[in-house]
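**Q** Below are the structure tokens for one structure; questions will follow.
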Amino acid sequence: MEEIVLGIGITALAGALATVAGAAEDTESDIGSQGDPNSQVQLAPQMGYIHRIFNKAVSGEPPAYGLWCAIGAGVAWAFLQLNYNPALAIILGSIVAVFIQGIYCTSGYLGRTASLAKFKQPVYIDILKSLTSVTMAHAFVAIFCTTAVCYLMSAALHHPFALPLLGLIWGIALGAAGSASGNPFYGKERQYQNQKFGAGVPISASGNIVRYAEAGQRSSLDNGWFTTKFAGPASGICFGLIVFLELWRTVLFEESLAGWGAVIAGIVLILIFTFIDRWIEVWGRKTYGPYTEPEESSS
Amino acid sequence: MTAKMEASEGKMPHNKLMTYGLVIAVVGTYLTYLNVLTGVAVFSFFGGIAAVAALWWGSDTIKHLCSYGLGTGVPSAGMIAFGSGAIAMIVGTKFGIASPIVTVILAAILGAVIGYTANNIINMNIPVMIMSLMELAVVGAMTMLGFAAMATGSFEFNQLIIGSMSLSVESAGVAAGGAQTFLVTAIPQYGNSLIGGAALAVIFFLGALALQHPFNACLGPNESQDRTLMLALSCGFLSMIVVAIISFVFIGLLAGTISLIISLIAWFYCYKTYIDLSKRDAYAWLDSKPIIEVGGDQ
Numbered sequence: 074m075e076e077i078v079l080g081i082g083i084t085a086l087a088g089a090l091a092t093v094a095g096a097a098e099d100t101e102s103d104i105g106s107q108g109d110p111n112s113q114v115q116l117a118p119q120m121g122y123i124h125r126i127f128n129k130a131v132s133g134e135p136p137a138y139g140l141w142c143a144i145g146a147g148v149a150w151a152f153l154q155l156n157y158n159p160a161l162a163i164i165l166g167s168i169v170a171v172f173i174q175g176i177y178c179t180s181g182y183l184g185r186t187a188s189l190a191k192f193k194q195p196v197y198i199d200i201l202k203s204l205t206s207v208t209m210a211h212a213f214v215a216i217f218c219t220t221a222v223c224y225l226m227s228a229a230l231h232h233p234f235a236l237p238l239l240g241l242i243w244g245i246a247l248g249a250a251g252s253a254s255g256n257p258f259y260g261k262e263r264q265y266q267n268q269k270f271g272a273g274v275p276i277s278a279s280g281n282i283v284r285y286a287e288a289g290q291r292s293s294l295d296n297g298w299f300t301t302k303f304a305g306p307a308s309g310i311c312f313g314l315i316v317f318l319e320l321w322r323t324v325l326f327e328e329s330l331a332g333w334g335a336v337i338a339g340i341v342l343i344l345i346f347t348f349i350d351r352w353i354e355v356w357g358r359k360t361y362g363p364y365t366e367p368e369e370s371s372s
Numbered sequence: 023m024t025a026k027m028e029a030s031e032g033k034m035p036h037n038k039l040m041t042y043g044l045v046i047a048v049v050g051t052y053l054t055y056l057n058v059l060t061g062v063a064v065f066s067f068f069g070g071i072a073a074v075a076a077l078w079w080g081s082d083t084i085k086h087l088c089s090y091g092l093g094t095g096v097p098s099a100g101m102i103a104f105g106s107g108a109i110a111m112i113v114g115t116k117f118g119i120a121s122p123i124v125t126v127i128l129a130a131i132l133g134a135v136i137g138y139t140a141n142n143i144i145n146m147n148i149p150v151m152i153m154s155l156m157e158l159a160v161v162g163a164m165t166m167l168g169f170a171a172m173a174t175g176s177f178e179f180n181q182l183i184i185g186s187m188s189l190s191v192e193s194a195g196v197a198a199g200g201a202q203t204f205l206v207t208a209i210p211q212y213g214n215s216l217i218g219g220a221a222l223a224v225i226f227f228l229g230a231l232a233l234q235h236p237f238n239a240c241l242g243p244n245e246s247q248d249r250t251l252m253l254a255l256s257c258g259f260l261s262m263i264v265v266a267i268i269s270f271v272f273i274g275l276l277a278g279t280i281s282l283i284i285s286l287i288a289w290f291y292c293y294k295t296y297i298d299l300s301k302r303d304a305y306a307w308l309d310s311k312p313i314i315e316v317g318g319d320q
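Protein sequence lines correspond, in order, to chains A and X.
Take 74 as the starting number for the first sequence in this note's numbering and just add one per residue.
Take 23 as the starting number for the second sequence in this note's numbering and just add one per residue.
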């Protein structure tokens with residue numbers, strides 16, 4: 074019984090950490106225009122819209138965060154092997170990971186922008202100076218929290234996987250959560266505030282992203298300001314729920330049916346969420362009007 | 023990614039680059055064998071050099087493969103390289119002193135099979151597909167082998183899976199006929215080794231992102247080969263820094279510090295050169311200047 078109480082406590086703590094990690098991850102990637110919104114930022118100069126948005130091209134978020142968290146957990150693991158204090162080891166791991174992340178960000182922006190010289194997109198070096206540190210700070214929070222979740226799983230819940238592998242898996246999960254639930258706020262909404270709400274992105278508007286702000290010219294910090302309020306919490310809830318429910322079902326049901334209890338609980342959870350998703354979709358359609366059928370055309 | 027893919031005409035021919043990359047990778051991995059010959063671990067950093075050479079060659083291969091309109095395929099090319107390379111590398115390390123050579127051959131066979139499947143069975147029909155996937159599998163395998171050799175000081179399987187030995191003392195009194203004797207057996211510990219501790223997973227992803235990042239970051243109409251390759255070197259040495267930190271666990275303070283210093287210096291030089299090359303290629307290099315309108319129809 075005591076073990077289960079401890080397990081539930083760890084589960085709650087890990088869920089809370091994961092929520093913070095998710096929020097920080099999405100804010101970081103939106104400030105850097107990583108993931109799918111990146112394509113529009115990349116396209117804009119080719120359509121004649123020179124902008125001052127951070128174009129941080131480091132693959133998609135899941136592989137990128139897989140790497141950052143694997144480095145965080147791997148270096149933390151190394152320092153744990155050298156008998157460092159766990160808290161210090163995790164912090165050192167996160168610092169190394171954030172260093173790598175910052176370097177990748179700057180090289181991504183410089184590379185992409187320099188390769189767009191034909192379209193007269195200049196390199197605005199102040200973007201790197203002012204925004205790299207912001208993304209690094211958010212990435213540090215995300216990596217530190219995720220590595221701490223992995224350490225809790227490994228040390229307190231005795232997960233059979235080694236710490237670096239847990240870091241890799243949960244890093245990919247973190248990137249996927251942020252990419253799936255947070256990015257639409259930036260890529261579909263914030264970049265296209267000049268289009269009719271809910272209109273989607275027509276082909277003719279491709280690359281025509283909002284480049285001017287309430288005052289002056291929009292920088293990626295303005296995007297961070299917007300996504301911190303909307304996209305960050307959404308990603309945080311998403312990743313927090315993933316971690317919490319995953320650990321919850323394992324802690325409670327692992328003993329029953331020789332381990333199959335946790336598997337069955339997982340399947341039941343998936344079915345419940347499928348039902349909720351479907352219900353929200355139907356409710357959304359009924360409330361905000363039906364989809365209009367796309368016109369049949371030869372193209 | 024909707025960027026129009028126009029790979030630059032390489033100044034250095036790809037075959038020449040491949041030869042250099044492969045030779046340096048194999049020779050560099052073999053140079054870590056000096057550790058065994060001399061009994062010290064300070065030659066481990068040669069494994070890192072080998073891995074960087076492989077990455078340098080691989081990023082040019084990715085450029086060739088992905089210039090066939092594989093926009094979002096750039097990061098996935100890095101993943102498939104290391105996914106196929108990982109198998110070849112782990113099997114290859116079982117062959118003792120011949121490991122690097124066997125790894126290259128196994129990876130090439132594996133890459134050819136994957137390339138044939140992609141091109142002829144899934145019908146992707148990209149002319150350079152089979153050759154490119156062969157090269158990428160070798161790059162992935164040699165990068166992992168190089169970094170693994172750098173972290174542990176050896177490219178042999180036992181060194182990669184056994185972290186340390188612990189002694190187990192059992193009383194064997196009854197079996198020995200009453201006299202109080204003990205059986206002392208050495209039990210290998212797997213949990214703190216490179217593969218058992220999953221530090222290889224870190225190497226896998228370090229290599230995979232370092233392989234795809236140079237071309238992914240530099241793609242566009244004004245991509246130039248020297249800048250992309252300089253970024254490949256920079257990413258390679260950056261990965262080497264992390265492997266050097268992890269290697270403190272396996273090869274000790276002195277050898278780890280040597281690896282760390284070499285990788286830091288090499289990374290700093292390459293990164294600085296890369297920034298200079300970006301400055302050369304950029305349309306303009308502005309600090310705190312407004313948007314220059316060129317005529318979007320807003």
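Backbone N, C-alpha and C define an ideal beta-carbon position, used for all residues, glycine too.
From A/G88, A/S292, A/F299 and A/W321, pick the residue whose C-alpha is nearest to that of A/S203; which is it?
**A** Here residue 203 of chain A refers to the residue found at position 130 when the first sequence is read from its first residue. Ranking the options by Cα distance to A/S203, first place goes to A/S292.
**Q** Given 8 Å as the limit, is there contact between the segment 110 to 125 of chain X and the segment 134 to 152 of chain X, that is, 3 or more CB pairs closer than that?
**A** These segments do not touch.
**Q** Scan the segment 218 to 237 of chain A for residues whose Cβ lies nearer than 9 Å to a Cβ of chain X and list them as they occur along the chain.
**A** Hits within the stretch, in order: F234, A235, L236 and P237.
**Q** Could you tell me which residues DSSP pairs with X/W307 in its beta bridges?
**A** Within the second sequence, residue 307 of chain X is the residue found at index 285, counting from 1. According to DSSP, X/W307 bridges with A/V196.
**Q** Give the interface partners of A/R351 over in chain X, defined as CB-CB distance under 9 Å, in chain order.
**A** In the first sequence, residue 351 of chain A corresponds to position 278, counting from 1. In chain order: nothing, as chain X lies at least about 29 Å away.
**Q** Flag this pair as yes or no: are the beta carbons of X/L216 and X/L182 separated by less than 8 Å?
**A** Your numbering for residue 216 of chain X matches position 194 in the second sequence. Your numbering for residue 182 of chain X matches position 160 in the second sequence. The answer is yes: Cβ separation under 8 Å.
**Q** Output yes if chain X places a C-beta closer than 8 Å to the C-beta of A/P136; else output no.
**A** Counted from its first residue, the first sequence places residue 136 of chain A at position 63. Yes, A/P136 lies at the interface with chain X (some Cβ there is under 8 Å from its Cβ).
**Q** If you count every other CB in all the chains shown that lies within 10 Å of the CB of X/P210, and 16 or more means buried, which is it?
**A** Position 188 of the second sequence, counting from 1, holds the residue named residue 210 of chain X. It counts as exposed.
**Q** If you reduce the DSSP assignment to three classes, tell me which class X/P210 lands in.
**A** For the purposes of this step, residue 210 of chain X is taken as the residue at position 188 of the second sequence. X/P210: strand per DSSP, three-state reduction.
**Q** When you compare the CB of X/Q331 with every CB in chain A, is at least one pair closer than 8 Å?
**A** Outside the modelled stretch of chain X, which goes from 23 to 320, sits residue 331 of chain X, for which no answer is possible.
**Q** Taking the Cβ atom as the reference point for each residue, do X/A220 and A/A235 lie within a distance shorter than 8 Å?
**A** Residue mapping note: residue 220 of chain X aligns to position 198 of the second sequence, counting from 1. Residue mapping note: residue 235 of chain A aligns to position 162 of the first sequence, counting from 1. Against a cut-off of 8 Å, the Cβ pair of A/A235 and X/A220 comes out as a contact.
**Q** What residues from the segment 168 to 197 of chain A come within 7 Å of chain X, judged by C-beta to C-beta, listed N to C?
**A** Answer in chain order: V169, I173, I176, Y177, S180, G181, L183, G184, R185, T186, A187, S188, L189, A190, K191, K193, Q194, P195, V196 and Y197.
**Q** Do the CB positions of A/I144 and X/V161 come within less than 8 Å of each other?
**A** Translated into the one-based positions of the first sequence, residue 144 of chain A becomes position 71. Translated into the one-based positions of the second sequence, residue 161 of chain X becomes position 139. Not a contact, by the Cβ cut-off of 8 Å.
**Q** In the segment 253 to 275 of chain A, which residues sit with their C-beta less than 7 Å from some C-beta in chain X, listed in chain order?
**A** If the cut-off is 7 Å between Cβ atoms, the segment 253 to 275 of chain A has nothing near chain X.
**Q** Between A/T20 and A/I164, what straight-line distance do the alpha-carbon atoms span, to the nearest angstrom?
**A** In the structure displayed, chain A extends from 74 to 372; residue 20 of chain A sits before or after that span and is not available.
**Q** Roughly how many whole angstroms lie between the Cα atoms of A/A210 and X/A208?
**A** Numbered from its first residue, the first sequence carries residue 210 of chain A at position 137. Numbered from its first residue, the second sequence carries residue 208 of chain X at position 186. Straight-line Cα distance between these residues: approximately 46 Å.
**Q** Inspect the CB distances between the segment 93 to 110 of chain X and the segment 147 to 167 of chain X and report whether three or more fall short of 8 Å.
**A** At 8 Å Cβ cutoff, the stretches touch.
**Q** Taking only the alpha-carbon atoms, compute the straight-line gap between A/F299 and A/I242 and give it to the nearest angstrom.
**A** As a position in the first sequence, residue 299 of chain A is number 226, starting the count at 1. As a position in the first sequence, residue 242 of chain A is number 169, starting the count at 1. Their backbone Cα atoms lie some 29 Å apart in a straight line.
**Q** What's the gap between the Cα of A/K359 and the Cα of A/I353?
**A** Residue 359 of chain A sits at position 286 when you count from the first residue of the first sequence. Residue 353 of chain A sits at position 280 when you count from the first residue of the first sequence. If I take the Cα positions, the gap works out to 10 Å.
**Q** Along chain X, which residues have their Cβ under 7 Å away from the Cβ of A/G133?
**A** Along the first sequence, read from residue 1 onward, the residue named residue 133 of chain A stands at position 60. Under the 7 Å cutoff, chain X gives P97.
**Q** Quick check on A/Q113: buried or exposed, where buried means 16 or more other Cβ atoms within 10 Å of its Cβ?
**A** Position 40 of the first sequence, counted from the first residue, corresponds to residue 113 of chain A. Label assigned to A/Q113: buried.
**Q** Looking only at its own chain, which residues have a Cβ that is under 8 Å from the Cβ of A/S279, when we skip the five neighbours before and after it?
**A** As a first step, residue 279 of chain A must be located in the first sequence, where it is residue number 206. Same-chain partners within the cutoff: Q113, L116 and M120.
**Q** Could you tell me which residues DSSP puts in a beta bridge with X/L189?
**A** As a position in the second sequence, residue 189 of chain X is number 167, starting the count at 1. DSSP, once it has assigned bridges, lists X/A208 as partnering X/L189.
**Q** Can X/F179 and X/K116 be called in contact, C-beta distance under 8 Å?
**A** On the second sequence, position 157 is the one that residue 179 of chain X refers to. On the second sequence, position 94 is the one that residue 116 of chain X refers to. Closer than 8 Å, so yes.
**Q** Consult DSSP for X/Q320 and reduce its assignment to one of helix, strand or coil.
**A** Indexing the second sequence from 1 puts residue 320 of chain X at position 298. Any reading at X/Q320 must be qualified, since the residue scores a pLDDT of 46, below 50, and its modelled position is unreliable; the value itself is stated next. In this structure, X/Q320 counts as coil in the three-state DSSP scheme.
**Q** Looking at A/V131 and A/V222, is the spacing between their C-beta atoms short of 8 Å?
**A** The count along the first sequence starts at 1 and reaches residue 222 of chain A at position 149. The count along the first sequence starts at 1 and reaches residue 131 of chain A at position 58. Not in contact: A/V222 and A/V131 (Cβ atoms no closer than 8 Å).
**Q** Would you say A/G147 lies against chain X (beta-carbon separation less than 8 Å)?
**A** What you label residue 147 of chain A is simply residue 74 of the first sequence in a count that begins at 1. At least one chain X Cβ lies under 8 Å of A/G147.
**Q** Ordered along the chain, which non-local residues of its own chain (more than five positions away) have a Cβ less than 6 Å from that of X/A230?
**A** Here residue 230 of chain X refers to the residue found at position 208 when the second sequence is read from its first residue. Closer than 6 Å at the Cβ level, and outside the excluded window around X/A230, lie G100, M101 and F104.
**Q** With contact counted as at least three CB pairs below 8 Å, one residue from each stretch, are the segment 79 to 89 of chain A and the segment 294 to 311 of chain A in contact?
**A** Touching, no.
**Q** On the three-state DSSP scale, how would you describe A/Q290?
**A** Residue 290 of chain A sits at position 217 when you count from the first residue of the first sequence. A/Q290: strand per DSSP, three-state reduction.
**Q** Helix, strand or coil: how does DSSP classify X/Y55 here?
**A** For the purposes of this step, residue 55 of chain X is identified with residue 33 of the second sequence, where counting begins at 1. X/Y55: coil per DSSP, three-state reduction.
**Q** Would you give the residue range spanned by the alpha helix (DSSP H) that A/E101 belongs to?
**A** Locating residue 101 of chain A in the first sequence gives position 28, where the first residue counts as 1. E75 to I104 is the extent of the alpha helix (DSSP H) around A/E101.
**Q** Measure from the alpha carbon of X/V235 to the alpha carbon of each residue in X/W289, X/F270 and X/V96, then state which is nearest.
**A** The residue given as residue 235 of chain X occupies position 213 in the second sequence. Before going on, a small fix: residue 235 of chain X reads as His here, not Val. Ranking the options by Cα distance to X/H235, first place goes to X/V96.
**Q** Grab the span of the alpha helix (DSSP H) containing X/K116 for me, first residue to last.
**A** Indexing the second sequence from 1 puts residue 116 of chain X at position 94. Segment: none, X/K116 is in no alpha helix (DSSP H) and carries neither H nor E.
**Q** Closest by CA to X/I71, which one among X/A159, X/L282, X/D303 and X/T60?
**A** Taking the first residue of the second sequence as 1, we reach residue 71 of chain X at position 49. Nearest of X/A159, X/L282, X/D303 and X/T60 to X/I71, Cα basis: X/L282.
**Q** Span of the alpha helix (DSSP H) holding X/F227?
**A** Sequence index remark: in the second sequence, residue 227 of chain X carries index 205 (1-based). Note, X/F227: alpha helix (DSSP H), A221 to C240.
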